[in-house]
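Those sequence lines, one after another, are chains A and B. Taking my numbering, the leading residue of the first sequence gets 279, the next gets one more, and so forth. Taking my numbering, the leading residue of the second sequence gets 3, the next gets one more, and so forth. Quick notes on the structure that follows.
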Amino acid sequence: MPHIELEAHLPGITGLLEYRKDTGEPIRVLTQIILRGPSTLTEAERELLATVVSHGNECRFCTTAHAATVDLLLGESETSERVKADIATAPVSEKMKALLTIAALTGKSGRLVTPEVIAKAKAEGATDLEIHDTVLIAALFSLYNRYVDGMATAMPEDNSYFNVLADRLVNHGYSRLPQGYDHLKKQNAKP
Amino acid sequence: MPHITLPPNVPGIRSLFVFRPDTGGALCDLAQTLLYNPHPTLSAGERETIAAYVSNLNTCKYCTNSHAAIARHQLGEQAGIVKQVLADPETAPVSDKLKALLKIAARVQSGGKNVTEDDVALARAEGATDIEIHDTVLIAAAFCMYNRYVDGLATWQPEDGELYDKMGELRAREGYHNSSSTQLIT
């Protein structure tokens with residue numbers, strides 16, 4: 279049960295972003311820019327960075343949501359599964375392995391990001407902007423994971439919630455829905 | 003040396019705001035809303051103290067020094083509590099409510115799942131409201147982001163205590179949207 283009263287039909291992060299909309303808005307704007315704005319990293323690659331950090335922080339809600347988003351973007355679930363299991367042997371480019379490693383280290387502590395892991399990423403072709411964005415995505419999900427778990431938000435009753443969420447994150451992005459989220463009350467209701 | 007090419011002589015997170023202004027704008031907006039704007043909850047000085055405390059637990063020197071300085075300028079006559087909270091919140095001369103909230107902040111810093119129902123119950127027993135508990139968790143979570151951003155890119159973090167004091171005075175007076183702190187360096 280959440281530590282404070284949140285809307286029951288909004289599990290995970292959404293209930294928090296709706297609880298205090300004035301702090302929710304800049305968090306949403308930042309996420310939309312960094313995960314959906316123009317970038318030399320694909321949306322799936324950026325969602326993989328979010329997934330690996332959430333997985334490292336053992337945040338079930340965020341890991342499930344962003345892995346589902348990766349899977350929808352790629353049309354398969356092997357990549358997200360194998361990145362979570364072992365970055366080194368996952369079916370991604372050497373550059374992505376280096377960036378995923380930087381993200382995983384940042385998720386633990388910024389101080390763990392060494393000149394060596396940065397040099398490795400640059401040797402594999404990562405640009406300054408890609409390294410910057412990787413660290414910022416990892417830092418942002420360090421916020422999200424702690425926010426979601428620190429408030430003890432609920433997991434959805436039904437795992438199909440994540441399919442609906444992934445579809446929204448792929449087709450709409452991270453901005454607040456203009457109509458809000460009351461329509462989810464019906465979707466979540468027991469038949 | 004920073005891990006990427008950043009503008010010289012601009013310290014900490016400000017150098018990252020210059021590097022990428024669009025994400026910087028959103029990060030400033032969050033700090034302004036969460037820490038500075040009047041809010042029917044903790045005072046700005048209390049919120050900045052939580053930010054400095056979490057930054058210190060994350061051993062992020064730039065954020066600790068900056069937010070400790072802002073907290074001192076926000077707190078005025080009570081500026082002395084900042085140093086004592088950083089050293090040990092239990093023995094610092096702050097309210098039992100703030101002590102309970104600082105304990106929650108420390109739990110969030112070590113991992114969101116570490117916040118227990120007992121921690122929250124203690125804060126409530128000392129008079130903390132839902133929104134104060136929420137804001138404490140979000141401030142602690144946000145500084146786990148800001149600290150990682152600043153340290154993960156190895157930004158320049160000056161040693162000069164007077165510099166942080168000037169930045170603290172500026173932020174306490176004008177908030178986070180004034181970027182003239184870069185001029186304090188040159």
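Where a beta carbon is used, it is the ideal one built from N, C-alpha and C, also for glycine. All values reported here derive from a predicted model rather than from experimental measurement.
Collapsed DSSP secondary structure at residue i in the structure displayed
i: Ala125(B); result: helix
i: Cys65(B); result: helix
i: Cys30(B); result: helix
i: Met147(B); result: helix
i: Thr301(A); result: helix
i: Leu455(A); result: coil
i: Cys337(A); result: coil
i: Ala367(A); result: The identity of residue 367(A) in the sequence shown is Thr, whereas the question assumes Ala. Reduced to three states, the DSSP call for Thr367(A) is helix.
i: Val391(A); result: coil
i: Asp132(B); result: helix
i: Ser240(B); result: Past the edges of chain B, shown from 3 to 188, lies residue 240(B), and the structure says nothing about it.
i: Leu186(B); result: Legend: pLDDT at Leu186(B) = 45, less than 50; position of this residue unreliable, value from coordinates given subsequently. Three-state DSSP puts Leu186(B) in a helix.
i: His478(A); result: Absent from the model: residue 478(A). The displayed extent of chain A is 279 to 469, so no value can be given.
i: Ala70(B); result: helix
i: Asp162(B); result: coil
i: Asn180(B); result: coil
i: Met169(B); result: helix
i: His281(A); result: coil
i: Val12(B); result: coil
i: Ala416(A); result: helix
i: Pro42(B); result: coil
i: Thr139(B); result: The question names Thr, but residue 139(B) in the sequence shown is Val. In this structure, Val139(B) counts as helix in the three-state DSSP scheme.
i: Asp153(B); result: helix
i: Asp460(A); result: coil
i: Arg314(A); result: helix
Beta carbon of residue i nearer than 7 Å to that of residue j
i: Arg324(A); j: Ser453(A); result: no
i: Gln159(B); j: Gly14(B); result: yes
i: Asn149(B); j: Asn67(B); result: no
i: Ala125(B); j: Ala102(B); result: yes
i: Lys373(A); j: Gly403(A); result: yes
i: Ile257(A); j: Thr412(A); result: The structure shown does not extend to residue 257(A), since chain A spans only 279 to 469, so no value can be given for it.
i: Arg424(A); j: Cys146(B); result: yes
i: Leu414(A); j: Tyr151(B); result: yes
i: Leu447(A); j: Thr347(A); result: yes
i: Leu104(B); j: Tyr166(B); result: no
i: Cys340(A); j: Tyr459(A); result: no
i: Ala71(B); j: Gly170(B); result: yes
i: His344(A); j: Thr367(A); result: no
i: Ile6(B); j: Ile282(A); result: no
Check: residue i C-beta below 6 Å from any heavy atom of the ligand SAM
i: Arg324(A); result: Ligands in the displayed structure: none, and consequently the ligand SAM is not present.
Are the stretch 47 to 55 of chain B and the stretch 63 to 78 of chain B in contact at 8 Å, needing three or more beta carbon pairs? yes
Interfacial residues, the stretch 397 to 420 of chain A to chain E, with Cβ spacing under 7 Å: Absent from the structure is chain E; the protein chains it does hold are A and B.
Members of the stretch 52 to 66 of chain B near chain A, C-beta cut-off 9 Å: Asn60, Thr61 and Cys62
Check whether the stretch 102 to 112 of chain B touches the stretch 135 to 144 of chain B, taking contact to mean three or more Cβ pairs, one atom from each stretch, closer than 8 Å. yes
So, does the stretch 79 to 86 of chain B touch the stretch 171 to 180 of chain B, judging by three or more C-beta pairs under 8 Å? no
Does the stretch 386 to 394 of chain A touch the stretch 293 to 307 of chain A, meaning 3 or more C-beta pairs lie closer than 8 Å? no
Members of the stretch 281 to 308 of chain A that neighbour chain B once the beta carbon cut-off is set at 9 Å: His281, Ile282, Glu283, Leu294, Tyr297, Arg298, Asp300, Thr301, Glu303, Pro304, Ile305, Arg306, Val307 and Leu308
In chain order, what residues of the stretch 142 to 176 of chain B put their CB closer than 9 Å to some CB of chain A? Ala142, Ala143, Ala144, Phe145, Cys146, Met147, Tyr148, Asn149, Arg150, Tyr151, Val152, Asp153, Gly154, Leu155 and Ala156
Is there contact here, the stretch 426 to 437 of chain A with the stretch 280 to 291 of chain A, by at least three beta-carbon pairs under 8 Å? yes
Scan the stretch 343 to 354 of chain A for residues whose Cβ lies nearer than 9 Å to a Cβ of chain B and list them as they occur along the chain. none
Chain A contacts from the stretch 10 to 41 of chain B (Cβ-Cβ distance under 7 Å): Phe21, Arg22, Asp24, Thr25, Ala28, Leu29, Asp31, Leu32, Thr35 and Leu36
Interfacial residues, the stretch 129 to 141 of chain B to chain A, with Cβ spacing under 7 Å: Asp132, Ile135, His136, Val139 and Leu140
Can you list, in chain order, the residues of the stretch 307 to 323 of chain A whose Cβ is nearer than 7 Å to any Cβ on chain B? Val307, Leu308, Ile311 and Ile312
Sequence ranges, alpha helix (DSSP H) only - wholly within the stretch 397 to 447 of chain A, length at least 4: 406 to 428
Short of 7 Å Cβ to Cβ, which residues in the stretch 433 to 464 of chain A face chain B? none
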